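Throughout, the working numbering is defined as the position within the sequence shown, counted from one, plus 43.
Take a look at the structure below.
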Amino acid sequence: MERNQIVEKVLEKYPARVYKNRKAHMLVKENTGENQKIQANTRTVPGIITNRGCCYAGCKGVVLGPLKDMVHIVHGPIGCAYYTWGTRRNKAKQVGDEKNFLNYCFSTDMQESDIVFGGEKKLKQAIQEAVEIFNPQAISISATCPVGLIGDDINAVAAEAEKLYGIKVMAFNCEGYKGVSQSAGHHIANNALMKHVIGMGQVQPAQYAVNILGEYNIGGDGWEISRVLEKIGYHIVTIMTGDGSYETLKNAHKADLNLVQCHRSINYIAEMIEEKYGTPWLKVNFLGLSSTIETLRDMAKYFDDPALTRRTEEVIAEEMVELEGVMRYYKEKLEGRTAFLFVGGSRAHHYQVLLKDLGVETVMAGYEFAHRDDYEGREVIPDIKVDADSKNIEELKVEKDEKNYRVHLSPEKYEQLKKEIPLSYYGGMIKEMRDNSILVDDLNHHETEAFVKILKPDMFFSGIKDKYVIQKMGVYSKQLHSYDYSGPYAAFKGALNFAKDLDMGVYTPGWKYVTAPWKTEPMLEGMLIGGEN
Ligand code: CFM
Ligand code: HCA
Numbered sequence: 044m045e046r047n048q049i050v051e052k053v054l055e056k057y058p059a060r061v062y063k064n065r066k067a068h069m070l071v072k073e074n075t076g077e078n079q080k081i082q083a084n085t086r087t088v089p090g091i092i093t094n095r096g097c098c099y100a101g102c103k104g105v106v107l108g109p110l111k112d113m114v115h116i117v118h119g120p121i122g123c124a125y126y127t128w129g130t131r132r133n134k135a136k137q138v139g140d141e142k143n144f145l146n147y148c149f150s151t152d153m154q155e156s157d158i159v160f161g162g163e164k165k166l167k168q169a170i171q172e173a174v175e176i177f178n179p180q181a182i183s184i185s186a187t188c189p190v191g192l193i194g195d196d197i198n199a200v201a202a203e204a205e206k207l208y209g210i211k212v213m214a215f216n217c218e219g220y221k222g223v224s225q226s227a228g229h230h231i232a233n234n235a236l237m238k239h240v241i242g243m244g245q246v247q248p249a250q251y252a253v254n255i256l257g258e259y260n261i262g263g264d265g266w267e268i269s270r271v272l273e274k275i276g277y278h279i280v281t282i283m284t285g286d287g288s289y290e291t292l293k294n295a296h297k298a299d300l301n302l303v304q305c306h307r308s309i310n311y312i313a314e315m316i317e318e319k320y321g322t323p324w325l326k327v328n329f330l331g332l333s334s335t336i337e338t339l340r341d342m343a344k345y346f347d348d349p350a351l352t353r354r355t356e357e358v359i360a361e362e363m364v365e366l367e368g369v370m371r372y373y374k375e376k377l378e379g380r381t382a383f384l385f386v387g388g389s390r391a392h393h394y395q396v397l398l399k400d401l402g403v404e405t406v407m408a409g410y411e412f413a414h415r416d417d418y419e420g421r422e423v424i425p426d427i428k429v430d431a432d433s434k435n436i437e438e439l440k441v442e443k444d445e446k447n448y449r450v451h452l453s454p455e456k457y458e459q460l461k462k463e464i465p466l467s468y469y470g471g472m473i474k475e476m477r478d479n480s481i482l483v484d485d486l487n488h489h490e491t492e493a494f495v496k497i498l499k500p501d502m503f504f505s506g507i508k509d510k511y512v513i514q515k516m517g518v519y520s521k522q523l524h525s526y527d528y529s530g531p532y533a534a535f536k537g538a539l540n541f542a543k544d545l546d547m548g549v550y551t552p553g554w555k556y557v558t559a560p561w562k563t564e565p566m567l568e569g570m571l572i573g574g575e576n
């Protein structure tokens, strides 16, 4: 079947309205060289089972949660607090006299009576307890759905607590329903960190100072990236936000370059720092050996210092000597296999490189909640007429900070470099995918099963919500959010961990005990959409 026919087959039994909606979220990459449009960042059709998370998950769970020296109070029911604490892999090390509160889950544990009579009193008490017991420099308060519905004024509580205790207390109106998905929460968190934290510090960094933005240290990825960068001679001012801290984040404006790993979650800050302080950003990808090497070379081009360039090549050579043989071994075992990737807002793109390094072809990829620019490149931003989140979320305007603004490159050099490296630019996922591959935004449960049955990929990379459904279909399924509690997968040593895990997953004898449905259900055509088999 042609790929376009496959898409039609998957969509065919939807009612007309749903068909129209979902079709706009899918495309087959064509060899036209033209920008191919995909609908993204719009609300899921009610009733469809989506894998997306909520605004609060993006704000507290992703961006704020990993900041280790802050107390993050969740104002809401305990389940919400637990979800963004126990299931997120926020790994952090305490260095020197730094504080690290990440082992604690702080919540007001709202009950029915708080919903009826209001929860502000309980929130004030929680702040007081946190201050008395933990003495943090800063506190975040994140609102969950009921808080917005009953109208607790968390901003007033935060302002009062800030005066009372003389520490930073930030309130985040990131109720779960606030936007389309996690990405609304990223934006809310970015705005407040920009307003209240970045720019407040005065610590001068060492030479070759960089920030790593959009790296959340899942499985220790941030540590492996830092190891490589420090070996070359870079100084990491702050990492946003995996193993990051409030204290280091204050100095983010002092770096010479911002590295952007996950564009979706942090592009707002990268842009605002450039506007306010003059720091350019570079789109990087530390997932995959070829992309890690390319990123390191791009960084060397930016700094344009022969000693740093030499050191970059030395480190690449040293790391690769250890890896080449063993990676070839895994490539031989995995070559020719096919994969589906469906992950949040950046990994579905980044991991394609790592898979390609291992000879695995991505036949279908999609994001849960990324925006059109993450698919098509930042050049489409002016065409995104209606941003479904913009009526709820402030579009923060920043101005040049005359005192702290620094010019890092002459305008000519900046323009020249932009032609060579992705400086303050992200090209998105589509351009890098092979012709004929399928892209699906906000893939849902029915579509997952239907595409798997038709295309029979050798492996599927996504999250906890669909992992076991897929595995029971006889297809190896690997979580790319939590890494199934393995990792790191980033940079050099991470690539090898990934190759080993993939090899184990594909070759496990366990597959003998699972039969793929298409082996026992020959009437595939009739059973794609429930109820007919
Ligand atoms: Fe960025 Fe992330 Fe992702 Fe994301 Fe997420 Fe995540 Fe993700 Mo889960 S910030 S968009 S909101 S890389 S939590 S660390 S794994 S969906 S692809
Ligand atoms: C979130 C967090 C999540 C969920 C993971 C998953 C994460 O968005 O709420 O569905 O497997 O990475 O922990 O994306």
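Quick reminder that beta carbons are idealized off the backbone N, C-alpha and C, glycines included.
Values in this document were obtained by computation on a predicted structure and should not be read as measured data.
- Restricting attention to 149, 90 and 312, the CA atom closest to the CA of residue 438 is found in 312.
- The stretch 496-513 and the stretch 68-79 do not touch, with fewer than three beta-carbon pairs separated by less than 8 Å.
- Look at residue 386: its beta carbon is less than 7 Å from one of the heavy atoms in the ligand CFM.
- For the pair residue 371 and residue 331, the Cα-to-Cα distance works out to about 14 Å.
- The alpha helix (DSSP H) runs lying completely inside the stretch 201-287 and spanning 4 residues or more are 225-239 and 264-275, given in chain order.
- The C-alpha of residue 75 lies about 25 Å from the C-alpha of residue 84.
- Going by DSSP, residue 539 is part of the alpha helix (DSSP H) stretching over 534-550.
- No Cβ-Cβ contact shorter than 8 Å links residue 305 with residue 219.
- Each residue's CA atom was taken as its position, placing residue 116 and residue 89 some 31 Å apart.
- Out of 533, 557, 60 and 531, the CA that lies nearest to the CA of residue 511 is found in 557.
- Scanning the stretch 116-187 for uninterrupted alpha helix (DSSP H) segments of 4 residues or longer gives 121-129, 155-160 and 163-177, listed from N- to C-terminal end.
- Taking each of 274, 539 and 481 in turn and checking the Cα distance to residue 384, the smallest one comes out for 481.
- When the alpha-carbon of residue 541 is set against those of 280, 361, 401 and 419, the nearest one is in 401.
- When DSSP states are grouped into helix, strand and coil, residue 513 belongs to the helix group.
- Between the ligand CFM and the CB of residue 253, the shortest heavy atom gap is not smaller than 7 Å.
- Leaving aside the five residues that flank residue 374 on each side, the residues in its chain whose CB is nearer than 6 Å to its CB run, in chain order, 401 and 402.
- In summary, residue 477 is exposed, with fewer than 16 beta-carbon neighbours lying within 10 Å of its beta-carbon over all protein chains present.
- Its chain contains 248, 249, 250, 251, 252 and 253 as the residues whose beta carbon lies nearer than 8 Å to that of residue 278, once the 5 sequence neighbours on both sides are disregarded; these appear in chain order.
- The beta carbons of residue 381 and residue 500 sit closer together than 8 Å.
- For residue 525, the Cβ falls inside the 7 Å cut-off from some heavy atom of the ligand HCA.
- Ranked by how close their Cα comes to the Cα of residue 431, the residues 227, 232, 175 and 205 have 227 in first place.
- For residue 86, the closest of 315, 496, 221 and 162 by C-alpha to C-alpha distance is 221.
- For residue 391, the Cβ stays outside the 7 Å cut-off from all heavy atoms of the ligand HCA.
- Here residue 412 is buried, its C-beta having at least 16 other C-beta atoms within 10 Å.
- Short note on residue 513: C-beta not closer than 7 Å to any heavy atom of the ligand CFM.
- Rounded to the nearest angstrom, the gap between the Cα atoms of residue 121 and residue 452 is 49 Å.
- Shortest Cα-Cα distance from residue 548 to any of 528, 520 and 182 involves 520.
- In this structure, residue 387 lies near residue 225, with their beta-carbon atoms less than 8 Å apart.
- If you draw a straight line from the Cα of residue 205 to the Cα of residue 211, it comes to about 6 Å.
- At the C-beta level, residue 184 and residue 239 stay beyond 8 Å of one another.
- Within a 10 Å sphere around the beta-carbon of residue 355 sit 16 or more other beta-carbons, which makes this residue buried.
- Contact annotation: the stretch 275-293 touches the stretch 256-263, with at least three C-beta pairs closer than 8 Å.
- Taken through DSSP and simplified to helix, strand or coil, residue 82 comes out as coil.
- Under DSSP, residue 409 takes part in a beta bridge, and its partners are 385.
- DSSP places residue 74 outside both helix and strand once states are collapsed to three, so it counts as coil.
- In the DSSP assignment, the residues bridged to residue 519 are 502.
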